[in-house]
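Undergrad: First the structure, which I've put down as structure tokens, then a few questions once you've had a look.
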Amino acid sequence: MTAPISIQMTVNEQSISLEVQPDWTLLHVLRERLGLKGTKSNCLEGECGACTVLVDGLAVNSCLYLAVRADGKRITTIEGLAQGETLHPVQQAFIDHGAIQCGYCTPGFILAAVALLDENPHPSDEEINGALAGNICRCTGYIHIRQAVKSAAAKGGQIG
2 MTAPISIQMT VNEQSISLEV QPDWTLLHVL RERLGLKGTK SNCLEGECGA
52 CTVLVDGLAV NSCLYLAVRA DGKRITTIEG LAQGETLHPV QQAFIDHGAI
102 QCGYCTPGFI LAAVALLDEN PHPSDEEING ALAGNICRCT GYIHIRQAVK
152 SAAAKGGQIG
């Protein structure tokens, strides 16, 4: 067994220090070590986007992102978007537009949309499609998801 590596990161605005194995993914650490179950495990190959989180504001597939790379980084998961009882504008838009059915893919879509809107507050339809291309949904047909992102953009759906 390889010796563990100490890392420090900020997860949902909370400073975290822990030891990880060199081959652990950020997905594993978030779900199994930190108990943040909103980040979903699905394909484990970076194909579906269900495990999308923000690393220093960029959408990444946490199933492919080694936890050791998160050392010194700021991680945002779906659990970290709401401010108390107030949902993030993108979360609210997904509810308002019926962009959720089974809900399994929803956290990944929301975080990909947040990353897009933080970088580009007024994206075109093509830019929305491009930002969401790495996320797969088997239930909604994507129309309501795109409408939710456009609505959040119109209302200023940025984190900060």
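Start counting the sequence shown at 2; every next residue gets the next number (our numbering). By construction, the Cβ of each residue, glycine as well, lies at the ideal position given by its N, Cα and C atoms. As the structure is a computational prediction, the values presented were derived from the model and not from experiment.
Over what stretch of residues does the alpha helix (DSSP H) that includes Glu120 continue unbroken?
TA: Run containing Glu120: Thr107 to Glu120, per the alpha helix (DSSP H) assignment.
Undergrad: Please confirm whether Ala60 has its beta-carbon closer than 8 Å to some beta-carbon of chain B.
TA: In the structure shown, chain B does not exist; there is a single protein chain.
Undergrad: Rounded to whole angstroms, what's the CA-CA distance from Glu33 to Val21? Just pull it up for me.
TA: 11 Å
Undergrad: Closer than 8 Å is the cut-off here; do at least three beta carbon pairs connect the segment 97-105 with the segment 25-40?
TA: no
Undergrad: Output the boundary residues of the alpha helix (DSSP H) element that contains Glu127.
TA: In the DSSP assignment, Glu127 falls within the alpha helix (DSSP H) that extends over Asp126 to Leu133.
Undergrad: Specify the secondary structure class of Ala4 as computed by DSSP and reduced to three states.
TA: coil
Undergrad: Between which two residues does the alpha helix (DSSP H) harbouring Gln92 extend?
TA: Pro90 to Asp97
Undergrad: May I ask which residues mark the beginning and end of the alpha helix (DSSP H) holding Ser42?
TA: No alpha helix (DSSP H) contains Ser42, which DSSP labels as neither H nor E.
Undergrad: How long is the line joining the alpha carbons of Gly161 and Asp119, rounded to whole angstroms?
TA: Any reading at Gly161 is ruled out, since the residue's pLDDT is 44, under 50, leaving its predicted position unreliable.
Undergrad: Pick out the complete beta strand (DSSP E) segments inside the segment 49-82, 3 residues or longer, and give them in chain order.
TA: 53-56, 59-62 and 75-77
Undergrad: Measuring CA to CA, which of Ile6, Ala51, Pro108 and Val150 is closest to Cys64?
TA: Ala51
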